[in-house]
Amino acid sequence: MGWRIPVARPDLGVGEQEAVSAVVARGWITQGPEVKAFETEFARFCGGRDAVATNSGTAALHVALLALDVEAGDEVITTPLSCIASANPVLFQGARPVFVDIEPRTYNIDVAQIEKRITGRTKAILPVHLFGHPVDLDPLLAIAAAHGVPVIEDCSQAAGAEYRGRPVGALARCGIFSLYANKIITSAEGGMIVTDDDELADKMRAIRNFGQRPGEHFVHAYLGGNYKTTDLHAALGRVQLRKAEAYIERRRLRRDALTRRLAGLTGLIAALPVEESYARAVPFSYPILFRTIALRERAEAALHAASIETRPFFSLINDQAPYRALGFDTADTPVAADVFPRGLYVSASPDLTDADLDLIADTLAEAARQA
Ligand SMILES: Cc1ncc(COP(=O)(O)O)c(C=O)c1O
10 MGWRIPVARP DLGVGEQEAV SAVVARGWIT QGPEVKAFET EFARFCGGRD
60 AVATNSGTAA LHVALLALDV EAGDEVITTP LSCIASANPV LFQGARPVFV
110 DIEPRTYNID VAQIEKRITG RTKAILPVHL FGHPVDLDPL LAIAAAHGVP
160 VIEDCSQAAG AEYRGRPVGA LARCGIFSLY ANKIITSAEG GMIVTDDDEL
210 ADKMRAIRNF GQRPGEHFVH AYLGGNYKTT DLHAALGRVQ LRKAEAYIER
260 RRLRRDALTR RLAGLTGLIA ALPVEESYAR AVPFSYPILF RTIALRERAE
310 AALHAASIET RPFFSLINDQ APYRALGFDT ADTPVAADVF PRGLYVSASP
360 DLTDADLDLI ADTLAEAARQ A
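The working numbering puts the first residue of the sequence shown at 10, with every later residue one more than the last.
Take a look at the structure:
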């Protein structure tokens, strides 16, 4: 269905077209010089030493877990409220996610509840910067350091976000990104891992390529897969990266403009996006928390009737079939279980016009009047 206001719309222009065409004309289309240049530029964008490109964010996370030797029997502490891809690679490894509940302002993992869930089996902590709002990282990193546990930031929705003035992605052992078409910047499909650890980066480069270190053909130091991206994707991503700052500024302006329009609808809406004092958020999308499930359903129907696409707050991961089958239960994360059915998100795309924002606000105001 062609929505008047889809939840995301990639901004693709002549620059992207020409960059991809130039790769085709050069004749080297798989991982090559464009990927290398993209990695260098992406690392700089995040203030990290090194970046390793992959063919998706899911692949980036799987490579990171493999490189950190997460295996069967290990535990990885993470959030239950996210795209399911932020937890699935833990299961791929036969390890067990430990879902710590969320805090209700940013919908991110509740850092205050992490320490009591650390055990002798905890192999990593995996916070997700949901909706582009950074997790409160300093206390989380302090807990992780005290227990000698590495932290992987999932920055898939948060490219360019800052925590206390520093870009996310290079603030922990490593950070992973998705470059899917709905993200802050895109390479169609794609992912990236950022790290300051040169040895870890080398291991990740090998793991993404069947476990071969560069130059060591058919010698496999590690168990690896084919998680490589291509010069076609990297060329597209490099053009997007040059526009990242402009996209982010525009997203922030669009978020603020929509918040001004919705601020009075307090009978309908329980919460609009916040920005904590430690954060420069990158509005990946615009989450709205309704007062009740019935009000969320009413608002959703009204938005759809006005051709405004919505999505739930991703998934309650511990409620999904593969996790239920392993005995997970949403009763263990009551805040997430309460928030999830009352939430939906609309677009925070840089290309939203004032008329688009008016339509979203007028539609919700009408739903509020009828409630
Ligand atoms: C938080 C989060 N983690 C991981 C992923 C996986 O990224 P990809 O779709 O590039 O595999 C996504 C999104 O798609 C995501 O939103």
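Ideal Cβ positions, reconstructed from N, Cα and C, are used throughout, including at glycine.
Everything numeric in this text was worked out from a predicted model, so none of it was measured.
Cross-strand partners of residue i (DSSP beta bridge)
| i | result |
| --- | --- |
| Ala353 | Inspection of the sequence shows that residue 353 is occupied by Leu rather than by Ala. Ile297. |
| Phe108 | Thr87 |
| Ser324 | Ser91 |
| Asp59 | Thr204 |
| Leu135 | Thr87 |
| Ala68 | Answer by DSSP bridge pairing: none, since Ala68 is not bridged. |
| Ala288 | Tyr172 |
| Ile118 | Ile111 |
| Ile317 | Ile14 |
Exposure of residue i, with buried meaning 16 or more beta-carbon neighbours within 10 Å
| i | result |
| --- | --- |
| Lys212 | buried |
| Gly117 | Checking the sequence shown, residue 117 turns out to be Asn, not Gly. Buried, by the Cβ-count rule. |
| His226 | exposed |
| Phe382 | Nothing can be reported for residue 382, as the shown portion of the chain is limited to 10 through 380. |
| Asp371 | exposed |
| Gln166 | buried |
| Leu335 | exposed |
| Asp302 | Note that residue 302 corresponds to Ile in the displayed sequence, not to Asp. It is exposed - the Cβ of Ile302 has fewer than 16 other Cβ atoms within 10 Å. |
| Ser9 | Absent from the structure is residue 9, since the part of the chain shown begins at 10 and ends at 380. |
| Asn235 | exposed |
| Lys132 | buried |
| Thr115 | buried |
Check: residue i C-beta below 8 Å from any heavy atom of ligand 1
| i | result |
| --- | --- |
| Leu139 | yes |
| Gln379 | no |
| Gln166 | yes |
| Ile185 | yes |
| Gly220 | no |
| Cys55 | no |
| Asp163 | yes |
| Ser65 | yes |
| Tyr189 | yes |
| Ser358 | no |
| Gly169 | no |
| Gly199 | yes |
| Phe108 | no |
| Ala62 | no |
| Ser294 | no |
| Ala290 | no |
| Leu146 | no |
| Ser286 | no |
| Leu70 | yes |
| Ser391 | In this structure the chain extends from 10 to 380, so residue 391 is not present and cannot be described. |
| Lys192 | yes |
| Phe323 | yes |
Going along the chain, which unbroken runs of the alpha helix (DSSP H) with 4 or more residues stay wholly within the stretch 205-282?
The qualifying runs are 207-216, 240-251, 253-271.
Going along the chain, which unbroken runs of the alpha helix (DSSP H) with 4 or more residues stay wholly within the stretch 144-191?
146-156
Go through the stretch 10-46 residue by residue and report every complete run of the alpha helix (DSSP H) that reaches 4 residues or more, in order.
23-35
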